[in-house]
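So the structure is just underneath, and the comments pick up after that.
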Amino acid sequence: MAELNNYLEQLGKWLIRWKIKVNADKCQAVYFTSSRKVPDPPMLYRRAIKWSKDTKYLGVTLDSRLTYEKHINNINKKVRAAKAKMYPLIGRNSKLSLKNKLLLYKTILRPVMSYVSPVWGAAAKTHTQKLESTQNIIARQIADAHWFVRN
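Going by this note's numbering, the first residue of the sequence shown is number 81, and it counts up by one from there.
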């Protein structure tokens, strides 16, 4: 932790020299660990940077234990919202052909679902099953398959 504070002190000097103002109150830090203990917060401009349980970076929500639960839940919400908007086109009563429904799924819904999919390798199976169930619901809706029909 001392190394981080030394670096932040040097960064603060560099920011002052180049006349760049950083609001230390809006800064946040995430301590990636599996333990519950967190050290004292790092300091910038002699102000403590508060610890946060998660942060968003390039569209990926990183939590302090790197379970990706919040990220997968956010993706699931986005996919379900997009599916609800597209229901008139891909729903059971739609007059579109199966080929066109699949094209809509592949061009609109799947990219939302598969964004940053490599991080799912580190996610727990219970979290990825949420996305799989949403994907299964969409596939059944597109194919007009009932709940009792096996995959």
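By construction, the Cβ of each residue, glycine as well, lies at the ideal position given by its N, Cα and C atoms.
**Request:** Report the option in Lys157, Trp131, Thr113 and Lys175 whose CA atom is closest to the CA atom of Thr147.
**Result:** Along the sequence shown, one-based indexing puts residue 147 at 67. Comparing Cα-Cα distances from Thr147 to each of Lys157, Trp131, Thr113 and Lys175, the minimum goes to Thr113.
**Request:** Determine the extent of the alpha helix (DSSP H) in which Leu146 is found, giving its start and end residues.
**Result:** On the sequence shown, position 66 is the one that residue 146 refers to. Unbroken run through Leu146: none, as it is neither H nor E.
**Message:** By the three-class DSSP mapping on this structure, what secondary structure does Arg172 have?
**Reply:** Locating residue 172 in the sequence shown gives position 92, counting from the first residue. Arg172 falls in the coil class under three-state DSSP.
**Message:** Rounding to the nearest angstrom, what Cα-Cα distance links Tyr137 and Pro168 in this structure?
**Reply:** Residue mapping note: residue 137 aligns to position 57 of the sequence shown, counting from 1. Residue mapping note: residue 168 aligns to position 88 of the sequence shown, counting from 1. Whole-angstrom Cα-Cα distance: 34 Å.
**Message:** Just to check my reading of the structure: Leu124 and Val110 have Cβ atoms closer than 8 Å, yes? What is that Cβ distance to the nearest angstrom?
**Reply:** Start at 1 with the first residue of the sequence shown, and residue 124 comes out as number 44. Start at 1 with the first residue of the sequence shown, and residue 110 comes out as number 30. Cβ atoms of Leu124 and Val110 stay farther apart than 8 Å, at about 15 Å.
**Request:** Quick one: give me the first and last residue of the alpha helix (DSSP H) that Tyr283 is part of.
**Result:** Since the first and last residues shown for the chain are 81 and 231, residue 283 lies out of range.
**Request:** Name the residue from Asn216, Ile129, Lys181 and Ser194 whose alpha carbon lies nearest to the alpha carbon of Asn85.
**Result:** Here residue 85 refers to the residue found at position 5 of the sequence shown. The shortest C-alpha separation from Asn85 is found at Ile129.
**Per DSSP, cross-strand counterpart(s) of Leu124** = Here residue 124 corresponds to residue number 44 of the sequence shown, with the count starting at 1. Looking at the DSSP output, Leu124 shares a beta bridge with Arg127.
**Asked** In or out: Met166 buried (at least 16 other Cβ within 10 Å) or exposed?
**Response** Here residue 166 corresponds to residue number 86 of the sequence shown, with the count starting at 1. By the neighbour-count rule (16 or more Cβ atoms within 10 Å), Met166 is buried.
**Asked** What's the C-alpha gap between Lys157 and Trp98?
**Response** The sequence position of residue 157 within the sequence shown is 77, counting from 1. The sequence position of residue 98 within the sequence shown is 18, counting from 1. Whole-angstrom Cα-Cα distance: 42 Å.
**Bounding residues of the alpha helix (DSSP H) (the contiguous stretch that carries Thr208)** = Translated into the one-based positions of the sequence shown, residue 208 becomes position 128. Thr208: member of the alpha helix (DSSP H) spanning Lys205 to Ala223, first to last residue.
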